[in-house]
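Here is the structure we will look at.
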Amino acid sequence: MLLDSNIIIYFTNFLNFSNFTTKYPQELFASKISLIEVLGYSNITDRYKLELNEIFKNLTLFEIEDRLINKAISLRQSKKIS
468 MLLDSNIIIY
478 FTNFLNFSNF
488 TTKYPQELFA
498 SKISLIEVLG
508 YSNITDRYKL
518 ELNEIFKNLT
528 LFEIEDRLIN
538 KAISLRQSKK
548 IS
């Protein structure tokens, strides 16, 4: 199942999504673009960031270069880009 950024955000807010992703890790996928979109939110708390990182560890992520991801996250946070 390919998970969109909005699905990840929705489920982390309303369910214990990390248990779900731990239970079915070989069946869940996301793009690293979702990683940028979800973690790049400018007002993200440290606690929520840790929770999301745990979820992303259990997903199979489609690759893009890490330097591009880090730059995009940095730009989104600093410029409050949606």
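The sequence shown begins at 468 in my numbering and counts up by one.
Virtual Cβ for every residue (Gly too), placed ideally from N, Cα, C.
Item, Value
"Hey, would you say Phe529 sits closer than 7 Å to Ser498, going by beta carbons?", "yes"
"What separation, rounded to the nearest whole angstrom, lies between the Cα atoms of Leu495 and Met468?", "5 Å"
"How is the alpha helix (DSSP H) around Ser545 delimited, first residue to last?", "Asp533 to Lys546"
"Taking the C-alpha atoms as reference points, what is the distance between Ile522 and Lys538?", "21 Å"
"My output table needs one value for Leu506: the three-state DSSP class, helix, strand or coil.", "helix"
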